[in-house]
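Step one of this worksheet: look at the structure below.
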Amino acid sequence: MDSPEVGKYVVIRKRPAVVRDVKTFSDGQSARLMHTVEVDYLDGLENPDHDRIVWEREIRPQLLPALDLPDIMAPGLTLDDPGRFHAFLDALNWTSNCVAEWDGKELRYSTVPLLSPWYSSVQVEDYQLLPVLQAMTMPRVNMLLADDVGLGKTIEAGLIMQELIRQRRIRRMLIVCPASLQIQWQDEMKEKFNLDFTIVDSDEVYRVQRELGVDANPWLEHPRVIASMDYLKQGDILRRFMHASSAMRPKDSAMLPWDLLVVDEAHNFSPAWLRDESDRCTMLRTLAPNFEHRLFLTATPHNGYTLSFTGLLELLDPVRFLQKTSLEEEDIKQLSLVMVRRMKEELNEGRDPPRFSQREVKAIPIRMTEVEDRLYRELRVYHDQVKKEFRAKRELVICEFIFTMLRKRLLSSSYAFARTWWNHVDGFDLEGFDLDQAYESKKRAEAVVPEDDERDRREEDAARHGAAWMRSKYPRLKGSIDRVSKALEDMGWTREAARSDLSRMKRYPQDAKFEALRSWIDDNLMANGMLRKDERVIVFTEYKDTLDYLVERLKGMNMTEPQVQLLFGGASAEQRRLVKDEFNEPTSQLRILLATDAASEGLNLQTSCRYVIHHELPWSPTRLEQRNGRVDRHGQYRDVSIFHYVSDQWEDLQFLDFVARKAHTVRTDLGSMGRVLDEAVVDFFSGRMGKEELQERLDQADKGRQDREDLRHRAPLGPEMLSRAVSDYYGTKALLNLDEGRMARLLYEAVRMDGGAISLQDGEARFQVVPPTWEKLVRSSLLLAKENNAQPKMVFDPSRLEENAGGILQFRPRRDVRLITLSHPLMARATSSFRRRLWMPFEESGLSRFTVEGAELPQGLDKMVLISYTILARNRLGERFREGMAHVALGKGAEGWHVLADTKDNSRIVGTSVSNLSTVMKDIRRDWGSIRALAEMERFALATSLHEVLERELSSEWERSRSELSRLYRHRKESLRLDRSKFLKKLQEELLRAEERAKQLTFSDDLNEERRRHYEEIKAKYNEANWEAERANIESMVARLEAEEKRMMEKVLPLRHSLGDDGVLMQVAAVRVLVREGS
């Protein structure tokens, strides 16, 4: 068996491939020489797109000869139908990242500027292309995507992924996000970019180990992974990840084991102080060095403290940034390169109508019944009395927790309050609970759990155990407790009623909020006694108890499934998907979605809904914004209305109304101002402040804000940048001949070649006959399983799914129409089918790669021969950095065959059928010797010129990258190696300024004292006595920087920016003969 060589073409496992590396070893048993071969597959399919195999152990591996001009002298040669021939060329073109044309003297060489939009199933906005353009200018893509909520950061990240896949051939990717967003990320990547990601969690680990053995490591099994931040931070999980990463990187390898790290909700990883890190932050700092590129996503990158912000930037790119309390000139320069931040208001400027909808916050006034108001007042009295009985700090912490829980539940619904209250009352009968046990119960209740029912149970336990601890004070508290209980009983929520099945209640207690909700539904969702088809609403609540209560109350209005659906923590991933799809589908019957925060996080629900009602306002403005962001986001074409309840009888509702309105006015600065509002809500419900004090606090906080100045330094956004993005988009379209007609033709021809049939009419397509080998793919990627495998129409341009909404064209996906782009599985299959046929003999492929057409030829020409070549160029890292097409045009005039000097657009000449085909073929066969000789000579000249062009391209990029990285490494090491006295003085000044700013933002005595002590502890770490330890730490950081600098400057960049030993590989792809029409 012949052994392969680097650069040779082979067939492995029925797939064409090119050899990128060969290593020889001896079989231990037979002493026979064997070959470990690394190959890159050439058919465009992924999973895998590369392999490492032992050549001698493969079943029928083949060495392929170089592709030559078709043998037109062969008696059995059949010309390709022109439509099929052009579909074949399109399949090769559309998987290219460069195009070249040779005119005999000069090479016209173009790189494809922007591929990712054509590999996405969305209507990409111009502003979403800017991060992609910025990313592709960076040697290492480290970017902070900090756009406003709802602008499409996930889409921007997906576009960057696709561009890196298409242009730099990255493979291994990890997405780290909150657990509640894992399904959302998996769905978005699959639906919008056809990228398959595996969620690695305890279930997946169990599956992998069950199938592959207990030693199997899931981080080694999947090239694209999603994991939750709290799963990865677990010690044993992080160790397994690091072990897998180490195993993936051979000793002395230039490359890191992973290509791209995406961190969503990245603000969760910001370090609070120098060396003061959460488990999440420590985890990210540990795993990030395994990744070549990093993308951080967050709408709130700055929490008001530059120290935390720069800490996050250091996690993103430790070469560009160092954690500090103020930005210096160099930091500002680097920040403008890595941070992309746009607000909706900015993108709306100068647009009529505006690009994004407006948001309005409205309060629904309610009048509490006498018994509801009495319940509220009696609970306040009970709260005040408890505060008098318990004065010690730890005791007050427990008391405040209990009453925070009770008041929040009362503000949600009287039912949710009653469920907890009666547990609280029962607790006074328990014995033997001390303060430590009450604290433990509090910790359990505060722990984040995904199931809402479990959370409710833990809060009921905490209310009961807290009362058990308070038991010694019961005689003095009894009167207040009895009055609260009496109000509940008068309302109708007896102990028995609160614990019974809600569906069996004959009469519900008075509820002013629900009556207001009933009126709102009548006014906004009803028309002529029927639910309107064009309106929906999401009703948010924090508690599953309230959710259950609202379900039963709506049943009393004859509103049940399918008009009403639920989303709550603990619902399955499939249930979340189903409800999301139903709610976004304009034709579904779902009108009212009742949802808790735990279930709704990360869901995009803007397609058919513009109304949100907060059945109770969350005490966190950030959570409030998360709720509102479910509908107020990219793709919303109507103005959004946000509703909450207010009453002049309850001070709590009035204050929360004030907070909600303030949160709305400062929502672009929620990273910093949201923290002030969060603290204010806690202080209000602890009795330490009111509305007037809150306004004063906001005013003072606004004066000393660090985030406003820091976030000003971002990547530029202007008309010229948007214009460039649009120009690159259409440049790609023109360069690759991308249009819906050609895309439809490619799918049509690929299906025909496999024995199927597709009907095409007015830009729409349908399968008439599905080829047997396509059935599984069609079923999984096209047919609607929930609708008896109904077949939607296929369209090939996003404009086919646009609707005019208020003067704005909006991309509106529909269930009965499927957008087929280059990334769609069907198009990927069609493209791959043609690419594979390039390497198959005619008897198997059905393609001769040769056709004849008539055309309007330039003056003086009788015939033209257009020869198309595939290009494959690899660097010394083995990366396929250029893969494309090259074209040479030969013409025949009075002086015989010659290379056409003006090659521009020759490959785009539109051909027609030829009537005298036998005569034309006779002439071509007669001239074939001359054509072949000329073609071979020009092919050599083309290859030589292309080699020179690519070397200049690599050299130029090497100089740019080397210069940029050298300066960055030099600056970072200098900044770390400050002398002792200068470093200490600078650090002490920075810490003092940080302390002063913290005091300006804090009015809570307890919080001030806590931060003062924290500051003193931090300062103590860096006094003169501890300088040696700090110096050792700095030297360690410098050593790590130098090691990384050596890897990049001595290995990665030189190897990445020099051609591989096999140079540029060129193969004849196709030959097209054009004859003068009528000749």
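If you want this note's numbering, it's the position in the sequence shown, counting the first as 1, plus 21.
Idealized CB from N, CA, C, for every residue including glycine.
Remember, it's a predicted structure, so these values are computed and weren't measured experimentally.
* Status (buried if at least 16 other CB within 10 Å, exposed otherwise) for G777 -> Here residue 777 refers to the residue found at position 756 of the sequence shown. Label assigned to G777: buried.
* Could you give the residue range of the beta strand (DSSP E) that holds D1082? -> In the sequence shown, counting from the first residue as 1, residue 1082 sits at position 1061. Element bounds for D1082: 1080–1097.
* To do: Say whether the segment 133–144 touches the segment 736–752, bearing in mind that this needs 3 or more beta-carbon pairs closer than 8 Å, one atom from each stretch.
  => Between the segment 133–144 and the segment 736–752 there are three or more C-beta pairs closer than 8 Å, enough to call the two in contact.
* Could you check the C-alpha separation between D42 and W123 for me, to the nearest Å? => Mapped onto the sequence shown, residue 42 falls at position 21. Mapped onto the sequence shown, residue 123 falls at position 102. Cα to Cα, D42 sits roughly 31 Å from W123.
* Asked: Does the Cβ-Cβ distance between P152 and L172 come in under 8 Å?
  -> In the sequence shown, residue 152 corresponds to position 131, counting from 1. In the sequence shown, residue 172 corresponds to position 151, counting from 1. L172 sits away from P152, with the two beta carbons spaced by 8 Å or more.
* Cβ contact check for the segment 336–355 and the segment 178–194: 3 or more pairs under 8 Å -> The segment 336–355 vs the segment 178–194: no contact.
* To do: Measure the C-alpha to C-alpha separation of Q657 and G708 and round it to an integer number of angstroms.
  => Position 636 of the sequence shown, counting from 1, holds the residue named residue 657. Position 687 of the sequence shown, counting from 1, holds the residue named residue 708. So the two alpha carbons sit approximately 40 Å from each other.
* Nearest candidate by alpha-carbon position, reference Q355, set D373, P374, N369, E335 -> Counting from one through the sequence shown, the residue named residue 355 turns up at place 334. The option with the nearest alpha carbon to Q355 is E335.
* Are there 16 or more other CB atoms within 10 angstroms of the CB of S402, so buried, or fewer, so exposed? -> Translated into positions along the sequence shown, residue 402 becomes position 381. Sequence check: residue 402 is Val here, not Ser. Looking at its Cβ environment, which holds fewer than 16 other Cβ atoms inside 10 Å, V402 is exposed.
* Buried/exposed call for H107, threshold 16 Cβ in 10 Å -> Counted from its first residue, the sequence shown places residue 107 at position 86. Classification for H107: buried.
* From this set, K213, A894, A811, which residue's C-alpha is nearest T842's C-alpha? -> On the sequence shown, position 821 is the one that residue 842 refers to. Per the Cα distances, K213.
* Taking C-alpha atoms, which residue in Q1088, R1068, F961, K943 lies nearest to I93? -> On the sequence shown, residue 93 is found 72 positions in, with the first residue counted as 1. Nearest option by C-alpha distance: K943.
* To do: Select from I419, A468, E177, D482 the residue whose C-alpha is nearest the C-alpha of D457.
  => Residue numbering aside, residue 457 sits at position 436 when the sequence shown is read from its first letter. Residue I419 holds the alpha-carbon nearest to the alpha-carbon of D457 among I419, A468, E177, D482.
* **Residue range of the alpha helix (DSSP H) that includes N114** => Translated into positions along the sequence shown, residue 114 becomes position 93. Where N114 is concerned, the enclosing alpha helix (DSSP H) stretches over 103–114.
* Asked: S916: which of S966, L882, T219 sits nearest, CA to CA?
  -> If you number the sequence shown from 1, residue 916 lands on position 895. A small correction: the amino acid at residue 916 is Glu; Ser does not occupy that position in the sequence shown. Checked all of S966, L882, T219; the closest Cα to E916 is L882.
* Classify Y890 as helix, strand or coil using the three-state DSSP reduction. => Here the question's residue 890 lines up with position 869 in the sequence shown. Y890: strand per DSSP, three-state reduction.
* So what does DSSP say about A592, is it helix, strand or coil? -> The residue given as residue 592 occupies position 571 in the sequence shown. A592: coil per DSSP, three-state reduction.
* **Cβ shell of S854 (< 6 Å), same chain only, five flanking positions each side left out** => Start at 1 with the first residue of the sequence shown, and residue 854 comes out as number 833. The answer, listed in chain order, is A771.
* **Alpha carbon of T132 to alpha carbon of I204, nearest angstrom** => By 1-based counting over the sequence shown, the position of residue 132 is 111. By 1-based counting over the sequence shown, the position of residue 204 is 183. In this structure, the CA atom of T132 is about 36 Å from the CA atom of I204.
* To do: Identify every run of the beta strand (DSSP E) within the segment 800–853, keeping only runs that are complete inside it and at least 3 residues long; order them along the chain.
  => Listed in chain order, the complete beta strand (DSSP E) runs (minimum 3 residues) inside the segment 800–853 are 814–816, 823–826, 829–832, 838–840.
* Look at A910 and R903 and say whether their C-beta atoms are less than 8 Å apart. => Residue 910 sits at position 889 when you count from the first residue of the sequence shown. Residue 903 sits at position 882 when you count from the first residue of the sequence shown. No; because the gap between Cβ atoms is not below 8 Å, this pair is not in contact.
* Asked: Ends of the alpha helix (DSSP H) at I93?
  -> Residue mapping note: residue 93 aligns to position 72 of the sequence shown, counting from 1. Neither: I93 is in no alpha helix (DSSP H) and is coded neither H nor E.
* To do: Alpha carbon to alpha carbon, how far is K174 from L318? Give it in angstroms, no decimals.
  => Looking up residue 318 in the sequence shown gives position 297. Looking up residue 174 in the sequence shown gives position 153. Spanning the alpha carbons of L318 and K174 requires a straight line of approximately 7 Å.
* Given a threshold of 16 other Cβ atoms within 10 Å of its Cβ, counted over all protein chains shown, does N118 qualify as buried or as exposed? -> Here residue 118 is taken as the residue at index 97 of the sequence shown, counted from 1. Only buried fits N118, as 16 or more other CB atoms lie within 10 angstroms of its CB.
* Minimum C-alpha distance to D447 - residue among G487, P471, D72 -> As a first step, residue 447 must be located in the sequence shown, where it is residue number 426. Per the Cα distances, G487.
* Hey, is the segment 275–284 in contact with the segment 214–229, meaning 3+ C-beta pairs nearer than 8 Å? -> The way I'd put it, the segment 275–284 doesn't touch the segment 214–229; fewer than three beta-carbon pairs between them come closer than 8 Å.
* Asked: Do the segment 502–516 and the segment 438–453 meet, that is, are 3 or more Cβ pairs less than 8 Å apart?
  -> Counting Cβ pairs under 8 Å, three or more are found: they touch.
* Counting pairs of Cβ atoms below 8 Å between the segment 523–531 and the segment 578–596, do you hit three or more? -> Contact between the segment 523–531 and the segment 578–596 is absent, because fewer than three Cβ pairs lie under 8 Å.
* Asked: Within this structure, are the beta carbons of Y666 and A518 separated by less than 8 Å?
  -> For this step, residue 666 is matched to residue 645 along the sequence shown. For this step, residue 518 is matched to residue 497 along the sequence shown. Taking 8 Å as the cut-off, the Cβ atoms of Y666 and A518 do not count as close.
* To do: Taking only runs that begin and end inside the segment 664–736, name each unbroken alpha helix (DSSP H) of 4 or more residues, in chain order.
  => Entirely contained in the segment 664–736, the alpha helix (DSSP H) runs reaching 4 residues are, in chain order, 672–686, 691–706, 712–724, 728–731.
* Is R440 helix, strand or coil when you go by DSSP? -> Within the sequence shown, the letter at position 419 stands for residue 440. In the structure shown, R440 sits in a helix (DSSP, three-state: H, G or I).
* Alpha carbon to alpha carbon, how far is G899 from H655? -> Translated into positions along the sequence shown, residue 899 becomes position 878. Translated into positions along the sequence shown, residue 655 becomes position 634. Those two C-alpha atoms are separated by around 40 Å.
* My guess is that F664 and T425 are in contact by the Cβ rule of under 8 Å, so how many angstroms apart are they, rounded? -> The sequence position of residue 664 within the sequence shown is 643, counting from 1. The sequence position of residue 425 within the sequence shown is 404, counting from 1. Contact flag wrong, Cβ pair sits at about 24 Å.
* **Beta-carbon proximity of S1079 to L967, cut-off 8 Å** => The count along the sequence shown starts at 1 and reaches residue 1079 at position 1058. The count along the sequence shown starts at 1 and reaches residue 967 at position 946. It is not a contact, given that the beta carbons lie outside the stated cut-off.
* Asked: With burial defined as no fewer than 16 other Cβ atoms inside 10 Å of the residue's Cβ, what is the status of H2: buried or exposed?
  -> The structure shown does not extend to residue 2, since the chain is modelled only from 22 through 1100, so no value can be given for it.
* Alpha-carbon to alpha-carbon, K35 and L77 -> The residue labelled residue 77 in the question sits at position 56 within the sequence shown. The residue labelled residue 35 in the question sits at position 14 within the sequence shown. Residue identity differs from the one stated: residue 77 is Glu in this sequence, not Leu. C-alpha separation (whole angstroms): 16 Å.
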